[in-house]
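Following this note's numbering, the numbering of the sequence shown begins with 2 at its first residue and continues without gaps.
Built from N, CA and C at the ideal position, the CB exists for glycine as well.
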Amino acid sequence: RKKENMADTKMEVDGSNVIQLIQQFLKENGLHRSLATLQDESQVSINTVDNMESFTNSIVKGEWDIVLNTISSLKLPESKLMTLYEHIVIEMTELREMSTARAILRQTLPMTLMKQQDPERYLRIEHLVARSTFIASDSYPDGMTKQQRRSQIAQALADEVTVVPPSRLLSLLQQAMKWQQHEGMLPQGTQFDLFKGTIPTSSNTRETHPTRAEKIIQFMKGSNAECAAFSPDGQVLVTGSPDGFVEVWCHATAKLKKDLPYQAEDKFMLHDSAVLCVSFSSDSELICSGDQEGCIKIWQMKTGKCIRKFGKAHTQGVTSVRFQGTHILSTSFDGTIRTHGIKSGKTLNIFRGHNSFVNAACFVGASGGILVSGSSDGTVKIWDAKTHECLNTHRPNQLIVGAGKDRGDGGEQIVPVLSMVPLPRRPDSLVICTKSDSIYIMTTSGVVTKTFHAEADDIKPDPTAPKGMPPKVSFLSCVVSPKGDWIYGAADDQKMYCFSVKTGKLEHTLDAHDSEIVGLAHHPHQNLIASFCVSGSL
Numbered sequence: 002r003k004k005e006n007m008a009d010t011k012m013e014v015d016g017s018n019v020i021q022l023i024q025q026f027l028k029e030n031g032l033h034r035s036l037a038t039l040q041d042e043s044q045v046s047i048n049t050v051d052n053m054e055s056f057t058n059s060i061v062k063g064e065w066d067i068v069l070n071t072i073s074s075l076k077l078p079e080s081k082l083m084t085l086y087e088h089i090v091i092e093m094t095e096l097r098e099m100s101t102a103r104a105i106l107r108q109t110l111p112m113t114l115m116k117q118q119d120p121e122r123y124l125r126i127e128h129l130v131a132r133s134t135f136i137a138s139d140s141y142p143d144g145m146t147k148q149q150r151r152s153q154i155a156q157a158l159a160d161e162v163t164v165v166p167p168s169r170l171l172s173l174l175q176q177a178m179k180w181q182q183h184e185g186m187l188p189q190g191t192q193f194d195l196f197k198g199t200i201p202t203s204s205n206t207r208e209t210h211p212t213r214a215e216k217i218i219q220f221m222k223g224s225n226a227e228c229a230a231f232s233p234d235g236q237v238l239v240t241g242s243p244d245g246f247v248e249v250w251c252h253a254t255a256k257l258k259k260d261l262p263y264q265a266e267d268k269f270m271l272h273d274s275a276v277l278c279v280s281f282s283s284d285s286e287l288i289c290s291g292d293q294e295g296c297i298k299i300w301q302m303k304t305g306k307c308i309r310k311f312g313k314a315h316t317q318g319v320t321s322v323r324f325q326g327t328h329i330l331s332t333s334f335d336g337t338i339r340t341h342g343i344k345s346g347k348t349l350n351i352f353r354g355h356n357s358f359v360n361a362a363c364f365v366g367a368s369g370g371i372l373v374s375g376s377s378d379g380t381v382k383i384w385d386a387k388t389h390e391c392l393n394t395h396r397p398n399q400l401i402v403g404a405g406k407d408r409g410d411g412g413e414q415i416v417p418v419l420s421m422v423p424l425p426r427r428p429d430s431l432v433i434c435t436k437s438d439s440i441y442i443m444t445t446s447g448v449v450t451k452t453f454h455a456e457a458d459d460i461k462p463d464p465t466a467p468k469g470m471p472p473k474v475s476f477l478s479c480v481v482s483p484k485g486d487w488i489y490g491a492a493d494d495q496k497m498y499c500f501s502v503k504t505g506k507l508e509h510t511l512d513a514h515d516s517e518i519v520g521l522a523h524h525p526h527q528n529l530i531a532s533f534c535v536s537g538s539l
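Listed below in structure tokens is the structure:
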């Protein structure tokens, strides 16, 4: 994050140059009416020809149809246009093309201007056309021959035009994209939507579990991703780190998005303490982040500006944030769930009742009238979003009984609920990750409909465990694929476990990291998962 000197690399582009690029594109693609309209409205013209030699040769050879077509999109001085049209009328008269000569004399703008500005000159040409015979010495001015006059006009018009390489707009766009690929801002060998500035994504991809590491982001020594989230449009990945930075990445290149001006200048979104959670708005325009001191900030991703700050959203660290329409839903180490008004900047509602950290919460149901929260006290609570009343309390691990100092009511062992994700296509069901060897699908009525276990044969042996003790694993986080076909659990043996929702079986495991996994994030359209660990790799 060393500050680079950007002063020498900044260049200003004249707006008229941009218009000229568009005009060249319109001209080359035969969009002449659009070109004329743009020239008229902008008062900017492109006085360019494809080939200077061909242009002047057409004048010298008297190829007037070609010449007139070429100059139709040029902005030339009135005096030179009058001279050109005057000469064409004279040549048409010499060829006895009288109807053409009269049409040019009476129906063209340059000759109309001549009639208004230099009537004597116009009358001379009119008398010339009316004569029954043509006398060259009386017709061409200053005693010139026809060829000399052509050459003089060719030189005069050549001084007004320039030659520009063809397809400049497309060439510049291609060069810009090549530079962005070189800088790692665009992935190699992929389609790119130039108009939207995005990489096209397909939501029709058949869902399957990942099999290999695609890219690796390595954070600086002593830092790591504490949280991560993909944008709903699938274009970027945002991370929060213990040093307070909120950073936006191109997941296809595993590099920072340097096309965001503030990141290009090393001006990052920043908290005063560790960032513990991040989330996107549904339109991918806003980022919400929560930190260890209970502060929540809302940022504009394109500008990096903080548009709303809740300085004391919670009395302790914020464990999760979610956009919910015009509100932010948050949970905290202070044991509460809260909603905050984005416009008002105020805390609107507080839900109390958990006896420990609240790690996750979400609204469920078609109307969003039910709030579900999961806590380190081992419970999942169902709340009425309007009255704030706790309707039910469930313990996903209620069948697990054992001794220990952490016990809930009734002698049940407390098994913290670490993460909770709504199950796509099932509005009344959630995927519950507890600090155990099981992940559950549970309905809002408290019915566990499916349980996913880590198989003993797939668990990495713990060298510190007593001999003869069967290997055990505890899940730390979970995510669900966009269509709800797969559930992925990050475990304390540094593995990621891939479960099929349809079969309920463990289908695959991945050795994800060489240190404890902090969390997971699933891409909204692709079979792509971000996993991040305490040693600094993502």
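Using only alpha-carbon positions, find the residue among the options that is nearest to residue i.
{"i": "Pro233", "options": "Asp273, Met302, Thr146 and Asp244", "result": "Met302"}
{"i": "Met421", "options": "Ser475, Phe364 and Asn30", "result": "Phe364"}
{"i": "Ser46", "options": "Ala275, Leu174, Ser368 and Gly16", "result": "Gly16"}
{"i": "Ser532", "options": "Tyr498, Asp139 and Leu507", "result": "Tyr498"}
{"i": "Gly505", "options": "Phe453, Lys344, Thr337 and Leu392", "result": "Phe453"}
{"i": "Val381", "options": "Ser357, Gly366, Ser140 and Gly369", "result": "Ser357"}
{"i": "Ala275", "options": "Trp180, Val61 and Gly223", "result": "Gly223"}
Compare the beta carbon distance of residue i and residue j with 8 Å and say whether it is the shorter of the two.
{"i": "Ala455", "j": "Ala513", "result": "no"}
{"i": "Val331", "j": "Gln317", "result": "As written in the sequence, residue 331 is Ser, which differs from the Val given in the question. It is not a contact, given that the beta carbons lie outside the stated cut-off."}
{"i": "Ile383", "j": "Thr320", "result": "no"}
{"i": "Ala230", "j": "Ser172", "result": "no"}
{"i": "Leu85", "j": "Ile154", "result": "yes"}
{"i": "Val416", "j": "Gly379", "result": "yes"}
{"i": "His540", "j": "Asp335", "result": "No information on residue 540 is available, as it lies outside the stretch 2 to 539 that the chain covers here."}
{"i": "Thr240", "j": "Leu539", "result": "yes"}
{"i": "Asp267", "j": "Gly245", "result": "no"}
{"i": "Thr435", "j": "Val418", "result": "yes"}
{"i": "Gln24", "j": "Gln40", "result": "yes"}
{"i": "Ile126", "j": "Glu87", "result": "yes"}
{"i": "Phe324", "j": "Ser374", "result": "no"}
{"i": "Lys473", "j": "Asp438", "result": "yes"}
{"i": "Asp494", "j": "Glu208", "result": "no"}
{"i": "Val130", "j": "Leu114", "result": "no"}
Taking just the CA atoms, how far does residue j sit from residue i?
{"i": "Gly63", "j": "Arg151", "result": "7 Å"}
{"i": "Asp429", "j": "Cys296", "result": "31 Å"}
{"i": "Thr109", "j": "Gln175", "result": "41 Å"}
{"i": "Asn48", "j": "Leu257", "result": "42 Å"}
{"i": "Gln264", "j": "Ser242", "result": "16 Å"}
{"i": "Leu287", "j": "Val249", "result": "12 Å"}
{"i": "Ser536", "j": "Lys387", "result": "42 Å"}
{"i": "Val359", "j": "Leu195", "result": "43 Å"}
{"i": "Ile401", "j": "Ser376", "result": "In this prediction, Ile401 has a pLDDT of 40, which is less than 50 and means its spatial position is unreliable; what the coordinates show is noted afterwards. Distance between the alpha carbons of Ile401 and Ser376: 17 Å."}
{"i": "Gly326", "j": "Cys278", "result": "18 Å"}
{"i": "His613", "j": "Thr337", "result": "Residue 613 is absent from the structure shown; the chain starts at 2 and stops at 539."}
{"i": "Val14", "j": "Arg169", "result": "15 Å"}
{"i": "Ser55", "j": "Ile218", "result": "56 Å"}
{"i": "Asp407", "j": "Thr304", "result": "Caution is warranted here: a pLDDT of 44 is assigned to Asp407, below 50, making its placement in the model unreliable, and no coordinate value can be reported."}
{"i": "Ile329", "j": "Asn350", "result": "11 Å"}
{"i": "Asp119", "j": "Ser80", "result": "11 Å"}
Using three-state DSSP, classify residue i as helix, strand or coil.
{"i": "Gly144", "result": "helix"}
{"i": "Lys406", "result": "Here Lys406 scores only 38 on pLDDT, less than 50, and its place in the model is too uncertain to base an answer on."}
{"i": "Asn70", "result": "helix"}
{"i": "Asn356", "result": "coil"}
{"i": "Gly537", "result": "coil"}
{"i": "Leu330", "result": "strand"}
{"i": "Lys436", "result": "coil"}
{"i": "Glu266", "result": "coil"}
{"i": "Thr109", "result": "coil"}
{"i": "Val365", "result": "strand"}
{"i": "Phe231", "result": "strand"}
{"i": "Asp493", "result": "coil"}
{"i": "Thr316", "result": "coil"}
{"i": "Ile136", "result": "coil"}
{"i": "Met53", "result": "helix"}
{"i": "Arg546", "result": "In the structure as shown, the chain starts at 2 and stops at 539, and residue 546 therefore has no counterpart that could be examined."}
{"i": "Val19", "result": "helix"}
{"i": "Pro423", "result": "strand"}
{"i": "Lys28", "result": "helix"}
{"i": "His88", "result": "helix"}
Taking the DSSP output, what are the residues bridged to residue i?
{"i": "Glu13", "result": "Partner(s): none; Glu13 has no beta bridge."}
{"i": "Lys310", "result": "Lys298"}
{"i": "Thr450", "result": "Its beta-bridge partners do not exist; DSSP assigns none."}
{"i": "Leu238", "result": "Phe231 and Trp250"}
{"i": "Trp384", "result": "Leu372 and Cys391"}
{"i": "Asp512", "result": "Lys496"}
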